[in-house]
Amino acid sequence: MARSFGRAKLTMLGTLLHHIRRVLMWFVIGSVALVLVLRWVPPPGTALMVERKVQSWLDGQPIDLQRTWRPWSSLPDDLKVAVIAGEDQKFPFHWGFDLQAIRAAFSHNEQGGALRGASTLSQQVSKNMFLWSGRSYLRKGLEAWFTVLIEVLWPKQRILEVYLNSAEWDDGVFGAEAAAQHHFHTSATNLSRQQASLLAAVLPAPREWSAARPSPYVLRRAAWIRQQMGQLGGADYLNNLNKARALPWAD
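Per full-length UniProt numbering: the sequence shown = residues 1 to 251.
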């Protein structure tokens, strides 16, 4: 009797493992296919947009989502360089993870300071496009998986293009075109260098800081970003996109 019960348990365990393997296999196939399609097809929306919309319903204050896709050629070079300067200066060269920044953030957090992140633009695209907000190990693991996928399957130019069309710039305001209209009443194509730097300056906290009504801190940050843009080489820095990158473990 005990032996039969043991065999039954092994059979159930084997069946469970079989189903888990199948689920994982289909998840891998599905996620690879999705990321590959989005290399060429403009994403109709993002997981973060859905999350913001649902949360606004739950709060009893529904918001209208603002977003208009703009292709790479319609996005100003100043905004492209400003975002790289402010958010991820190693973007053209890494494979999705800035290990030096991760180590620095880990050391800072271990010392009891305010929590500091080290997300690259690629990680932000992965999180905003495909995942929910939060700090669980599951979400971080999935973020790493999607980051690897977009780094392998998309050129750097596409990653930045998707980022600029999906970044959040205020409640319900997503993408460079909606941000330019919302903050400066102009098209993204017509953004000035200063306006581009202000938009890049508020990205760490876009629902708390305003590019249209910048605080002294945002003005200082925007000025620093413009200085970094010049040091990086301005629009010429974009020529580094899609070129050979450093190995992911190299500093």
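Even for Gly, the Cβ is constructed at its ideal location relative to N, Cα and C. Predicted, not measured: the structure shown is a model, and the values here were computed from it.
Trp154 counts as buried, since at least 16 other C-beta atoms from the protein chains shown sit within 10 angstroms of its C-beta. Per DSSP, reduced to three states, the secondary structure at Gln61 is coil, with no helix or strand assignment. For Glu161, the enclosing alpha helix (DSSP H) covers residues Lys156 to Ser166. Trp145 sits in a helix when the DSSP states are folded into three classes.
Sequence-distant Cβ neighbours of Thr186 in its own chain, meaning closer than 7 Å and more than five residues away, are Ala180.
Nearest to Lys80 by C-alpha distance, out of Gln157, Val202 and Phe184, is Gln157. Excluding residues up to 5 positions away in sequence, Ala47 and Phe146 lie with their Cβ nearer than 7 Å to the Cβ of Phe130 in the same chain. As DSSP reads the structure, Gln66 sits in a beta bridge with Val173.
If you draw a straight line from the Cα of Arg52 to the Cα of Asp171, it comes to about 8 Å. Taking a cut-off of 8 Å for Cβ pairs, the stretch 119-134 and the stretch 83-90 touch, as three or more such pairs fall below it. Exclusion of the five residues before and after Arg221 leaves Ala201 as the residues of its chain whose Cβ lies within less than 7 Å of its Cβ. A residue is called buried when at least 16 other Cβ atoms come within 10 angstroms of its Cβ; Trp132 does not meet this threshold and is exposed.
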